[in-house]
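Protein chains in written order, with the numbering used here: chain A, 1 to 318; chain W, 1001 to 1676; chain U, 2001 to 2480; chain E, 3001 to 3221.
Note that CB positions come from ideal geometry on N, CA and C, so glycine has one too.
Here the structure is a predicted model, which is why all the values come from computation and not from measurement.
Below is one structure, written out as structure tokens; comments come after it.
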Amino acid sequence: MNSASSLLLQFLELVTALVAAPLLTGWVNQCRAWFGNRSAPPLLQFYRQLAKLFEKEVVLAGNASSLFRAAPYLIFACMALASMIVPTLSTDLPFGPAADAIALVGIFALARVFIALAGMDIGTAFGSLGARREMLIGFLAEPALLMVFFTASLISHSTSLSTIVETLAHREFVIYPSLAFAGVAFTMVALAENARIPVDNPTTHLELTMIHEAMILEYSGRHLALIEWAAALKLYAYSCLGLALFFPWGIPEGTGLASLWVALPSLAFKLLIGGFLLAAIETVSAKLRIFRAPEFLGTAFMLAVLGMLVHLLLEKAT
Amino acid sequence: MPSAPGFLCLDWILSLVCVWLAIGIAGLFAPRSFHYISRVLYPLGAAVGIALAVVAFAALPATAETMVLPLGLPDLPFHLRLDALSALFLLLLGGASAGISIYAAGYLRKGEGTAPGLQCLEYHLFLASMALVLLADDAYAFMVAWESMALTSFFLVTSDHRMPEIRRAGYIYLLIAHVGAIGILLCFGVLQGNGAEGVAGYTFAHMRGMDHNDFWASAAFGLALFGFGAKAGLLPLHVWLPEAHPAAPSPVSALLSGVMLKTAIYGFLRVCLDLLHHPLWWWGVLVLTLGLATTLFGVVFAAVQSDMKRLLAYSSIENIGLLFVGIGLTLTFQAFGMTALTVLALTSVLYHCLNHAAFKSLLFLVTGSVLHATHERSLGKLGGLIHRMPWVAWLALLGVIASAGLPPLNGFVSEWLLLQAFLFTPDLPHGYINMLIPVAAAAVALAAALAGYVMVKFFGVIFLGRPREEKLSQAHDAGILERVGLCWLASLCVALGLFPVFVIEKLDHVTTSLTGAGLGSAMRANGWLLLAPIDADRASYEPIVFLLCIAAIVVAAFLLVRRFWHGRVRVSGAWDCGFPMQTVRMQDTAEGFSQPLRQVFEPFYRLTRELPGSFDKKPMYRVIVQDHFWYWLYLPVARVAELGTRMVAFLQQGRISIYLLYSFVTLVVLLFLIRG
Amino acid sequence: MEFLLGLPLLGGIVLAIFGHRNFAAEINSAFSLLTLIAAAALTVKIVADGPQLLFEEQFFVDPLNVFLVALTAFVGFTTSLFSRPYMRIEQAHGRLSAGRLRLYHSMYQLFTFTMLLALTTNNMGILWVAMEAATLTTVLLVSLYRTAASLEAAWKYFILCGVGIAQALFGTILLYFAAEKILGHEGVALLWTHLNEVKGQLEPRVLSLAFVFLLVGYGTKVGLVPLHNWLPDAHAEGPTPVSAVLSGLLLNVALYAVVRCKVLADGALHSNLASLLMMGFGLLSVVVASFFLSRQKDIKRLFGYSSIEHMGIITFAFGMGGPVASFAGLLHMTVHSLTKSAIFFAVGHAAQKCGSQLIENIRGLIKLSPTVGWGLMLGTLAILGMPPFGVFASEFLILTTAMKEQPWATPILLISLGVAFAAIFGKVQPMVFGEPAAKRLPHKPAMLPVFMHLALVLMLGLWIPPYLAEWYRQAAKLIG
Amino acid sequence: MSHLPLYAQIINLLAAALLLLSFAMLAQRRILSLINLFMAQGIVLCASTAVVAAATEQHHLYWSALITLVLKVFLLPWILHRLIRRLNVKWDIETLINIPATMMIGLMLVIFSFNLALPISELAGTITRSTLGIAMAAVMLAFLMMITRSKAVPQVIGFLAMENGLFFAATSATYGMPMVVELGIALDVLVGMIILGVFFFQIREQFDSLDIRHLEKLKED
């Protein structure tokens, strides 16, 4: 725990995440609307939604257990922590060492387990269906993500995100073919994990298609708000992660608040591009049947492992 | 021999073991008096367990102590030795058994299976023999303790011997255990080497001194792998495990899975790292691959079980696989003389031993409570128990998180260490292994993720949702003694999860004694909070900070929501997309929940589906998942043996002339042979 | 010494007269007890002041045979204790008449006498005579029930063992033929002690021939495959006490004879022919017997085959030779005869309780009578080489030594031990556990001998008294 | 041969006779004549023992000759005769292997045992060295006979014939065993014979025949 400034930076990261996550989601939705040339919802739509949900009272199913009520807070906390750890504004974060890449995967897994349990808690057909599918996606996405991290950390001989970013961003520029594989794999995982087409469709309540929605059907009011916010945070965290791994330039090394003047704009810019691309992918691809999803993620898994092999094969010298 | 004056740790431990024996025998005096046994003897045993743990903990840093008992063979009395490794596993035994015994005290019911007194005897003999296995310092003492362990546990497993399938389970268990034991015995026969002077060559001290050429060393290694693998449930010798664990009473299953499997790990470590000094690199690779196969097999099968104890048994197989993966890495690293990594891998193995002992015993005890509350073992008939038995449910949740390998509990730490060990392999001077390792790492990651799936199924189907049967509504929570036992194990899970640095510092004594180096020195530099095996900016993990962050955010979020908005709640029926009629039958059963996995991993299983016809009056859907190994390995072996018996039967045709002919021919042939 | 041989002989005669009275069983036990005391006295004497020759060298007692004498007397005594209630019940069930009982008692004593004679004599010829006499007495015992099956068994037993023993006689003649050139054809040429002194000069050719004949001859009585065919029948069809002494004692005595001959052969041949032959026979017996086990339907037959298996193990051990292996062999002899006789006691009671000795008719003994059930279970586990019983100790030594000296043999042993375990345990477990098949019969079993034996075996597994160990060591030294 | 002393020649002659008798028994079908052949063997045995005794002033051999005479010439044949009269089994039609084949095997056995015994008898200290081979041959032939016969009585006779061979080896090859041994042997043979006699009746009343092919119940199915 070095200086007050880095603590401040850490706090800033959290705040940025909390603020920017809904914006990002909003931006993605806007882009999707443009692609499907519909009239886009305003950028701040997500904030309004949250506010409304917080206002509403919670309608709780009769046999909901306390786990059901605790889950939203936990999930929200996990996602917030995740977006705190990912280096966006600076690389030396006091809480950085608390969790390295592997632990980060752990955080996501923790959140997933809790949301799945919450989905099963009420005991409706949809809830358990969603939980089942979510775990199915998870058990394939998780190792793939881990493999992506492994590739990166093989390059930088470290699993701590800050070090990875420093290695990639601030050493002399080297082209890593393995990272290309890893990047593709990561994108696929990110799509799956954030309940995006082609794996899931956040905007429908069709029994056949829903995964994430099916689990949170029973949530309402502030609980639902927290979960939605957590989902947005997750998207944000993943995006930042991708940026940090594959486009780390512009994340300053030093502490010093001065560096923020570089960091914030570059982050915003990269997020805009990222969101746009995400929307583009979603538009051009079609929703998969649920049992195609394993194949999709299996491909991602394979690509990630290939990435590692490629690294061991080609880049051993580096 | 340490010349420390007075009462050594070894003496303490020995006397504690004797107390266990005494308790067991005391059980025989009043075999039917229920209160005497459940309220006096078992708690006493638990106290002994704690004492054992304390002494072993004190013995960890001490130098090795040895002792010779006036028992055993004439030239080969029982040698005992207490070094760091055995101290660690004794600590494990004591800690786990304390919780299990106190739970058993509450768990015991009248009129189940064998007389409680007899069961008490077997139980404590089992504990004592495990302790002796860990202390033994010569082949004979080890084998005696080892087989007594198998025997007592067999009687415990079959304590409800009226059911044929339980007898069958016990039979398979004892058979495989015995064959494995013969393997171990032959392994010692090899280790003792040729220079041995008579019986005195069977002491471990002598074996340590021996130096074998590659062939004999590999033979010993192979036999050890066979023998200890059979006990640990390594593929393809795992079949007894999913049979025996469900058959046993829950505390016994907890002991079997939590502690006894670890004795196999202990033996394997003892032989490979202590008695055999120079592992060959391919040993490591072999163990690694077997471990991976076991891990994947175990978890994939665990996912489709619909009997909660079988599910846990398969998950034990998975964890054993992980342990062997770690051992494989250790051996490989040691073969290439990379000490730092050897230590890392070994630490992860030892750590995971402790973790698995804690959370798996906890989960098995939980199934015990559920069993008593509902008399139901099939997941498909449970559900919604979190309302009826909150204590068990919340403690079970801890165990589930731990065993799913999620932060911040203990399962995650060892998994994290293992993955770290994988990450540093590229420095290996061997190309193929380098290529193999990523795949292995991927498989481990996959297994870990699947474990999450399994655990969600376990917890969700048992405790969440709505009760699938009417009778569940009068389920009752665990009694006070049971709660104490569960809490003890759960707190172990939490402690192991939150203070890894402290634990690893203790593990150092073991790693130093086995490989001559430790992690702790490097880590103590970074302070108590930070777990950084190599150095802080290579990899680090701070469970406490992690937990505090999450807690802080949760609290903050809660308070803020309350502060700015409100906490109003209206209770009503479930919405469920406005779906009109909802029955409890519409929830996922165990089979339903694992259906995606059955599709993904179809080739792994031997599936037999019974689908309803179109016009069934009462349609019935059943799917039976079986193990290929029965049909690929065991039944063929049985068939071969059967063939052999049929062949020898020709010798005994009952005709006396033929018999005379036999002896005549024998005589002539022998005469012919010696003519030369 | 005189008492040792005189008492059972006297007992035989006495019981031939009073054997049908209902106090005959007590007389029987009393004589056995006296014999045991005499044996103990002799043992003490030998342990105190070394080997000795008696009656102008006709008798020779050294550690090797004195421990067998003690064992024989002990098991003989416990068996007589067991047979007292057992035979009463048999009589009550009308399977035996008083006359038969008389025959049984007197033959039992005579049988003990012949065995003790065979053990203590110094004269190879007398040894042969005693073995033959033992055969004759046991033939009568096996055919005691006079059922078709028992007659057939006795007939086979008689013919096969008679022929085998005849081979042994030819071997003895050859031995004499070789020895008389050195020792002259006075009586001494057949005295083992003298032969042992001059064994170096005996003509190897003749000795090898002689050893083959002796091995085939006495091996038939040991029950080595492929000369074993009489054994399961005789064990299954005789009365249970007889089965107990047959596999507990007679086999040991026959093996003792083989070992004595092996000592001479080794001395004369300067080659490991004898060892090879014995190891070969031993392994063959172990393998074949263990594969036979899983086909058995009759419980006594099952354990008969298990006796063959164990005799094979012991023969293998003696074949390997060396201090450790011979030590283990002797130890295994002891524990095997103790355990196996204990098992037969338990089996006898079980069969009486369920009124059948077919395995599928015996179920849930632990409910019918816990002592019998546990006795059978523990005995079985002991005989299967489960520690902490003594059988494990000897098997441990034998296997590890084999791993060291004859590694090629260990896979065979591993497989056969596994098969044997699977077979026997798979058959005994449902007999002991599970739901009882028959209703319990009134009479209470005499389990004292069973648990006495098992306790001894247990002790030998955990702690061998030093003098006993010393004694084994001397004997092992004699065998070499 | 010529320079051999007379009694040696006699003994060889008797040995040859013994072998011949064994062959005859092997070939013989009728039980009665089997018994007679057995008696003849006894006579030969007794004679040879006496000759050996006379040749080498070993007086205990006279005793054994006497025992042989009593036991094998009078007692056992008498018992056997009584038995078969009581059990009226006269015929023993079928053998398991037909006679000529048996003879061929027997011939091979004789050759085998001869060149087995040849090197040994070289170093025998006795004058009648060559008889050892014949004794062994006789034993083998008796063994073969026991194998081939399917009725109880001939089997027993084969058993006794084997005993004869052994006895012959004992006396003529090695000038007889010590007296006590021979007494023991004789006693055993006698007792065994009596027990067998008892057996015959019981087997008879159990299976109402002495065909030992009824005795094949106990086996592994």
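In whole angstroms, what separates the C-alpha of residue i from that of residue j?
i: residue 143 of chain A; j: residue 1449 of chain W; result: 7 Å
i: residue 2461 of chain U; j: residue 1127 of chain W; result: 20 Å
i: residue 117 of chain A; j: residue 232 of chain A; result: 20 Å
i: residue 1577 of chain W; j: residue 68 of chain A; result: 18 Å
i: residue 3033 of chain E; j: residue 1649 of chain W; result: 39 Å
i: residue 1051 of chain W; j: residue 1094 of chain W; result: 7 Å
i: residue 1352 of chain W; j: residue 1413 of chain W; result: 8 Å
i: residue 3167 of chain E; j: residue 1661 of chain W; result: 23 Å
i: residue 1337 of chain W; j: residue 1282 of chain W; result: 14 Å
i: residue 1671 of chain W; j: residue 2212 of chain U; result: 7 Å
i: residue 307 of chain A; j: residue 269 of chain A; result: 28 Å
i: residue 3222 of chain E; j: residue 3081 of chain E; result: Since the first and last residues shown for chain E are 3001 and 3221, residue 3222 of chain E lies out of range.
If you follow the alpha helix (DSSP H) that residue i is in, where does it begin and where does it stop?
i: residue 371 of chain A; result: In this structure chain A extends from 1 to 318, so residue 371 of chain A is not present and cannot be described.
i: residue 1661 of chain W; result: 1656–1675
i: residue 305 of chain A; result: 293–314
i: residue 1969 of chain U; result: Residue 1969 of chain U is absent from the structure shown; chain U starts at 2001 and stops at 2480.
On the DSSP bridge assignment, give the partners of residue i in chain order.
i: residue 1214 of chain W; result: Paired residues: none, contrary to the question.
i: residue 3103 of chain E; result: Partner(s): none; residue 3103 of chain E has no beta bridge.
i: residue 1605 of chain W; result: W/1627
i: residue 1072 of chain W; result: W/1077 and U/2463
i: residue 59 of chain A; result: W/1570
i: residue 2254 of chain U; result: Bridge partners of residue 2254 of chain U: none, in fact.
i: residue 3211 of chain E; result: E/3151
i: residue 1203 of chain W; result: W/1138
With distance defined between alpha-carbon atoms, name the residue in the options nearest to residue i.
i: residue 2380 of chain U; options: U/2396, U/2302, U/2319 and U/2149; result: U/2302
i: residue 124 of chain A; options: W/1226, W/1362, W/1583 and W/1608; result: W/1583
i: residue 2126 of chain U; options: U/2176, U/2098 and U/2105; result: U/2176
i: residue 3074 of chain E; options: E/3086, E/3037, E/3051 and E/3105; result: E/3037
i: residue 251 of chain A; options: A/149, A/13 and A/38; result: A/13
i: residue 249 of chain A; options: A/91, A/49 and A/39; result: A/91
i: residue 1101 of chain W; options: W/1041, W/1587, W/1284 and W/1370; result: W/1041
Mind listing the chain A neighbours of residue i? Cutoff is C-beta to C-beta under 8 Å, in chain order.
i: residue 1407 of chain W; result: 99, 103, 106, 107 and 110
What residue range does the beta strand (DSSP E) around residue i cover?
i: residue 1624 of chain W; result: 1622–1627
i: residue 2053 of chain U; result: 2052–2054
Chain E partners of residue i, CB-CB under 7 Å?
i: residue 1654 of chain W; result: 3216, 3217, 3218 and 3219
Give the residues of chain W in contact with residue i, contact being defined as C-beta atoms less than 8 Å apart.
i: residue 2212 of chain U; result: 1667, 1670, 1671 and 1674
i: residue 2400 of chain U; result: 1139, 1185, 1186, 1188, 1189, 1192 and 1202
Which chain W residues are close to residue i, counting only those with a beta carbon under 9 Å from its beta carbon?
i: residue 3143 of chain E; result: 1660, 1663, 1664 and 1667
Going along chain E, which residues have a C-beta under 8 Å from residue i?
i: residue 2292 of chain U; result: 3220
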